[in-house]
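All remarks here apply to the structure that follows.
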């Protein structure tokens, strides 16, 4: 749980930078990579990280500009990456200007439960990390190199002169 605005901003800056690197690596073709029959493709998951249906943040009282959830996911990877960059900047600005440390302790109704805004922001961040994990798997399936979020990816081991760990 976040108890200060700065703690959320610092962590979100770090995590969103990792998400941005992944989105910047996407290709137009990779956006069509399916999860499985009947499931949404990689492009939908990437767009889910961008659009304004960011329910947890809205319940927390943050107001920021983002593309509408009613817009279909773009077919251009650069459009998704640029939209995430803009949305992230909006979220960070909203946190700086619309939150206070005292407000982080206010309680909101989230999914029928009582959460503090600090808990809500923490869950929002975990939600993004969850979808980032989905992204990396689908990116690998689509042949797009991934970066390591919390340590080197397979491709990065060689770049740092280290042997790739055994399976």
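Residue numbers (this note's numbering): 417 to 583.
For every residue, glycine included, the Cβ atom is placed at its ideal position computed from N, Cα and C.
Can you give me the C-alpha to C-alpha distance between residue 419 and residue 521, rounded to a whole angstrom?
Here residue 419 is taken as the residue at index 3 of the chain shown, counted from 1. Here residue 521 is taken as the residue at index 105 of the chain shown, counted from 1. If I take the Cα positions, the gap works out to 7 angstroms.
State buried or exposed for residue 544, treating a residue as buried only when at least 16 other CB atoms are found within 10 Å of its CB.
What you label residue 544 is simply residue 128 of the chain shown in a count that begins at 1. So residue 544 ends up on the buried side.
Taking the beta strand (DSSP E) that residue 524 belongs to, which residues open and close that run?
Sequence index remark: in the chain shown, residue 524 carries index 108 (1-based). Per DSSP, residue 524 belongs to the beta strand (DSSP E) from 523-526.
Contact check, residue 503 vs residue 483, beta carbons under 9 angstroms:
Translated into the one-based positions of the chain shown, residue 503 becomes position 87. Translated into the one-based positions of the chain shown, residue 483 becomes position 67. Residue 483 sits close to residue 503, with the two beta carbons spaced by under 9 angstroms.
Could you give the DSSP three-state label for residue 516: helix, strand or coil?
Working through the chain shown from its first residue, we reach residue 516 at position 100. Coil, per DSSP.
Determine, using beta-carbon pairs with one atom in the segment 504-520 and one in the segment 447-462, whether at least three such pairs fall under 8 angstroms.
No contact exists between the segment 504-520 and the segment 447-462.
What residues match up with residue 530 in a beta bridge as DSSP calls it?
As a first step, residue 530 must be located in the chain shown, where it is residue number 114. Its beta-bridge partners are 525.
Determine the DSSP secondary structure at residue 430, reduced to helix, strand or coil.
One-based indexing of the chain shown puts residue 430 at position 14. Correct three-state label for residue 430: helix.
Would you identify the three-state DSSP class for residue 459, choosing helix, strand or coil?
Along the chain shown, read from residue 1 onward, the residue named residue 459 stands at position 43. Per DSSP, reduced to three states, the secondary structure at residue 459 is helical.
Find out if the Cβ-Cβ distance for the pair residue 443, residue 565 is shorter than 9 angstroms.
Here residue 443 corresponds to residue number 27 of the chain shown, with the count starting at 1. Here residue 565 corresponds to residue number 149 of the chain shown, with the count starting at 1. Against a cut-off of 9 angstroms, the Cβ pair of residue 565 and residue 443 comes out as no contact.
What residue from 459, 466, 508, 551 has the CA that sits closest to residue 422's CA?
Here the question's residue 422 lines up with position 6 in the chain shown. Of 459, 466, 508, 551, the residue nearest in Cα terms is 508.
Run through DSSP, which three-state label would residue 424 get?
The sequence position of residue 424 within the chain shown is 8, counting from 1. Assigned with DSSP and collapsed to three states, residue 424 falls in helix.
Burial state of residue 453 (16 or more Cβ within 10 Å):
Translated into the one-based positions of the chain shown, residue 453 becomes position 37. The residue is exposed, with fewer than 16 neighbouring Cβ atoms inside 10 Å.
Can you give me the C-alpha to C-alpha distance between residue 441 and residue 528, rounded to a whole angstrom?
The sequence position of residue 441 within the chain shown is 25, counting from 1. The sequence position of residue 528 within the chain shown is 112, counting from 1. Distance between the alpha carbons of residue 441 and residue 528 is about 37 angstroms.
Going by beta carbon distance, what residues of the same chain come within less than 6 angstroms of residue 571, once the five residues before and after it are set aside?
By one-based count along the chain shown, residue 571 stands at place 155. Answer for residue 571: 561, listed in chain order.
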